[in-house]
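Okay, structure first, notes after.
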Amino acid sequence: MNRLVIVKGAGDIATGIAHRLYCSGFRVVTTELFQPTVIRRTVAFAEAVYTGRVVVEEVTAVKTLPDSVLQVVEEGKIPVVVDPAGAVIKQLRPWAVVDAILAKRNVGTQINDAPVVIGVGPGFVAGVDVHAVVESMRGHYLGRVIYNGQALQNTGVPGDIGGYTKERILRAPCAGVFQVERPIGSAVSVGETVAWVSDQPVVAAISGVLRGLLQEGLMVEAGMKIGDIDPRCQPEHCFTISDKARSIGGGVLEALLYHAAREHQG
Numbered sequence: 007m008n009r010l011v012i013v014k015g016a017g018d019i020a021t022g023i024a025h026r027l028y029c030s031g032f033r034v035v036t037t038e039l040f041q042p043t044v045i046r047r048t049v050a051f052a053e054a055v056y057t058g059r060v061v062v063e064e065v066t067a068v069k070t071l072p073d074s075v076l077q078v079v080e081e082g083k084i085p086v087v088v089d090p091a092g093a094v095i096k097q098l099r100p101w102a103v104v105d106a107i108l109a110k111r112n113v114g115t116q117i118n119d120a121p122v123v124i125g126v127g128p129g130f131v132a133g134v135d136v137h138a139v140v141e142s143m144r145g146h147y148l149g150r151v152i153y154n155g156q157a158l159q160n161t162g163v164p165g166d167i168g169g170y171t172k173e174r175i176l177r178a179p180c181a182g183v184f185q186v187e188r189p190i191g192s193a194v195s196v197g198e199t200v201a202w203v204s205d206q207p208v209v210a211a212i213s214g215v216l217r218g219l220l221q222e223g224l225m226v227e228a229g230m231k232i233g234d235i236d237p238r239c240q241p242e243h244c245f246t247i248s249d250k251a252r253s254i255g256g257g258v259l260e261a262l263l264y265h266a267a268r269e270h271q272g
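Numbering (our numbering), first residue to last: 7 to 272.
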């Protein structure tokens, strides 16, 4: 395709989208916050904000200044631009914008941001503020493209993995500085301390593999999501794009190809 697509967000779901588009021939740029609060850092291009460079399944993303974006794209890499306001969209005038922030609401995306605008998950209405919406809720409709209407509303309950929902999520027991005790990919048991918030332990409620943890040293609020345990106990899953991200990425790819075909038909 060789068309420019800006993906807002560079967390694990946005990375799955960007990766699929890149591998399908699109030129891809991602945007992120000054301090991303991504949990699945081993498979998130957002990690480049902290490290400068990250590789996810053989695709390289690098932290990039706005005036160097196109150069990095031409080098065959995915730029990660610290740009919460999305100013790079007006600067680059992409063919498509994909809002994959997953804020559960629209935080500023408009249907006139680009010729094709896609929203991921709840908070968008296809035909109003975006051209299409891709379903993000686990289950029968995951990855479905919606051209009229909106995605299923957020239930507040994490998706079922291995028979667990809320139990697999690690949350801050208090406000304070986040510190890591066990690395991502390690096996953990019920009752084990996997991290700390100030002097308070973060304890595993289930056994499994530590699939994700927040960046160490960040300030967190009480109740904030700071980690994720996968009860399926497959360490390699921690370092590859998830089934959910791949499915959503496929939906975004379908939506973009649908609009490209309509343009070709005139």
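Built from N, CA and C at the ideal position, the CB exists for glycine as well.
When you compare only the Cα positions, how much space is there between R26 and V258? The count along the sequence shown starts at 1 and reaches residue 26 at position 20. The count along the sequence shown starts at 1 and reaches residue 258 at position 252. Rounded to whole angstroms, R26 to V258 spans 9 Å at the Cα level.
Which residue wins for smallest C-alpha separation from A211, given the options T199, D205, S253 and K69? Here residue 211 refers to the residue found at position 205 when the sequence shown is read from its first residue. Out of T199, D205, S253 and K69, T199 has the C-alpha closest to the C-alpha of A211.
Which one of N154, G168, I152 and K172 has the shortest CA to CA distance from T161? Your numbering for residue 161 matches position 155 in the sequence shown. Checked all of N154, G168, I152 and K172; the closest Cα to T161 is K172.
What alpha helix (DSSP H) runs, 4 residues minimum, are completely inside the region 15 to 49? 18 to 29
So for R177, helix, strand or coil by DSSP? Along the sequence shown, read from residue 1 onward, the residue named residue 177 stands at position 171. Reduced to three states, the DSSP call for R177 is strand.
CB of G165 within 7 Å of CB of A132, strictly: Within the sequence shown, numbered from 1, the residue matching residue 165 stands at position 159. Within the sequence shown, numbered from 1, the residue matching residue 132 stands at position 126. No, Cβ-Cβ distance for G165 and A132 is not below 7 Å.
Taking 8 Å as the cut-off, does the region 234 to 241 touch the region 205 to 224 (at least 3 CB pairs, one atom from each stretch)? yes
H265, buried or exposed, once every other Cβ within 10 Å from all chains shown has been counted against 16: The residue given as residue 265 occupies position 259 in the sequence shown. That one is buried.
Buried or exposed for T57, please, with buried defined as at least 16 other CB atoms from any protein chain shown within 10 angstroms of its CB. In the sequence shown, counting from the first residue as 1, residue 57 sits at position 51. T57 should be labelled exposed.
At the level of alpha carbons, what is the spacing between P121 and V86? Reading the sequence shown from its first residue, position 115 is the one you call residue 121. Reading the sequence shown from its first residue, position 80 is the one you call residue 86. Approximately 22 Å, taken between the alpha carbons.
Using the Cα positions of E187 and Q206, report the straight-line distance between them to the nearest angstrom. Residue numbering aside, residue 187 sits at position 181 when the sequence shown is read from its first letter. Residue numbering aside, residue 206 sits at position 200 when the sequence shown is read from its first letter. One C-alpha to the other measures close to 12 Å.
Residue span of the alpha helix (DSSP H) that contains K250, given as start and end: Taking the first residue of the sequence shown as 1, we reach residue 250 at position 244. That run of the alpha helix (DSSP H) goes D249 to Q271.
Give the range of the alpha helix (DSSP H) segment to which K96 is assigned. Counting from 1 along the sequence shown, the entry for residue 96 is found at position 90. That run of the alpha helix (DSSP H) goes A93 to L98.
Just to check my reading of the structure: V139 and G125 have Cβ atoms closer than 8 Å, yes? What is that Cβ distance to the nearest angstrom? Within the sequence shown, numbered from 1, the residue matching residue 139 stands at position 133. Within the sequence shown, numbered from 1, the residue matching residue 125 stands at position 119. 5 Å between Cβ atoms; contact.
Run of the beta strand (DSSP E) containing Q206, from where it starts to where it stops: Position 200 of the sequence shown, counted from the first residue, corresponds to residue 206. Run containing Q206: Q206 to V209, per the beta strand (DSSP E) assignment.
Buried or exposed for H137, going by 16 or more other Cβ atoms inside 10 Å? Against the sequence shown, residue 137 aligns to sequence position 131. Result: buried.
Specify whether the region 73 to 80 and the region 37 to 47 touch according to this definition: at least 3 beta carbon pairs, one from each stretch, less than 8 Å apart. no
Around the C-beta of P42, are 16 or more other C-beta atoms found within 10 angstroms, so that it is buried, or is it exposed? Indexing the sequence shown from 1 puts residue 42 at position 36. The residue is buried, with at least 16 neighbouring Cβ atoms inside 10 Å.
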